[in-house]
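Q: Have a look at the structure that comes next, please.
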Amino acid sequence: MPIQYYIFLSLALFSIGVMGTMMRRNAIIIFMCIELMLNAVNLLMVAFSNYWENSNAQIFVFFIMVVAAAEVAVGLAIITLVYRKVNSVDINILNRLKN
Amino acid sequence: MNPHQLVFWILSVIAIGGALGVILSRNPVASVLFLIVTFFAVSGHYILLNAQFLAIVNIIVYAGAIMVLFLYVIMLMNLNGDVEPQKSKLLQFAGIISGGILFLVLLAAFKTTQLSTTPINASTSIGLISELGQVLFTRFVFPFEISSILFLSAMVGAVVIGKKD
């Protein structure tokens, strides 16, 4: 397939992730939409690595996966902590975090 | 239409359908399962691009580890009913419109790029684990070691935050 198809596919996945981030109120779903956006970027990087016959981009994808795993571990711990305090994962409740 | 294109279209439809399922389903557990479907479709794309190492890592790390973590947290919080409060219709509509506008703008920007339209090479060997290992342990060995420190600190942070006080 030409590279343009991969560009359009990952644009669609990224935009769906952005839409989900803005539409939903559940913090866990928002986290999952961020994962979706990361995956769209990964797909684009692998396609371009194949296009330029250069393996650096695939190493970057590997590091993105590492950072995503670390981010999810800490983020879910924070969400669990917030759930224990206020008994909800609704992001509209989290804006009272200050006091 | 050769088999390669057929598989590409099938995987693309599955990926986009799964992504839409993530943001549209009311039940968080269903969202997680749809996201796993999307990850498997993306892994299929990696195999089509002959990035075999990343395809396997994607399945093991994302579909195996991260999504199980999500599933555990959702089940721990007992969120699997459809009691989740929804944003108002106006805000949901605004989200869809702005996401769609982002998609259109990026599409228009990328439509005029001067990339060659020759099909990308599906038999290149750069995605194989031997090639990637060579690069990872020579040129990128320092970031690789740094990422292990990142993992260690993330693990300590998760334990400290998640521990009962």
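Chains as they are written, first to last, in the numbering used here: chain F, 1 to 99; chain C, 1001 to 1165. Built from N, CA and C at the ideal position, the CB exists for glycine as well.
1) Could you work out which residues of chain C lie near N95 (chain F), taking near to mean beta carbons separated by less than 9 angstroms?
2) Which chain C residues are close to R61 (chain F), counting only those with a beta carbon under 7 angstroms from its beta carbon?
3) Which residues share a DSSP beta bridge with M26 (chain F)?
4) Do you know how far the Cα of A1041 (chain C) is from the Cα of I1014 (chain C)?
5) Below 9 angstroms between beta carbons is the criterion; list the residues of the segment 1114-1130 of chain C that meet it against any residue of chain F, in chain order.
6) Closest by CA to I28 (chain F), which one among F:L11, F:V86, F:T80?
7) Going along the chain, which unbroken runs of the alpha helix (DSSP H) with 4 or more residues stay wholly within the segment 1058-1121 of chain C?
8) Starting from the beta carbon of M19 (chain F), find every residue of chain C whose beta carbon is closer than 7 angstroms, and list them in chain order.
9) Taking three-plus beta-carbon pairs below 8 angstroms as touching, is the segment 72-90 of chain F in contact with the segment 1150-1159 of chain C?
10) In whole angstroms, what separates the C-alpha of S1123 (chain C) from that of V67 (chain F)?
11) Using a Cβ-Cβ distance cut-off of 8 angstroms, determine whether A47 (chain F) contacts chain C.
12) With a threshold of 8 angstroms between beta-carbons, can A70 (chain F) be considered close to chain C, or not?
13) Would the beta-carbon of V46 (chain F) fall within 8 angstroms of that of Y1062 (chain C)?
14) Counting only beta-carbon separations shorter than 8 angstroms, does M65 (chain F) have a partner in chain C?
15) From the DSSP output, in three-state form, read off N1050 (chain C) for me.
A: Per the coordinate set shown:
1) Those do not exist, as N95 (chain F) stays about 14 angstroms from chain C at its closest Cβ, beyond 9 angstroms.
2) Rather than Arg, the amino acid found at residue 61 (chain F) in this sequence is Val. Ordered by position in chain C, the residues that pass the 7 angstroms Cβ test against V61 (chain F) are L1054.
3) Reading off the sequence shown, one finds Asn at residue 26 (chain F), where the question assumed Met. Beta-bridge pairing links N26 (chain F) to F:D90.
4) 6 angstroms
5) L1115, S1116, T1117, T1118, P1119, I1120, N1121, A1122, T1124, I1126, G1127
6) F:T80
7) 1067-1076, 1089-1111
8) I1023, G1095, I1096, G1099
9) yes
10) 29 angstroms
11) yes
12) yes
13) no
14) yes
15) coil
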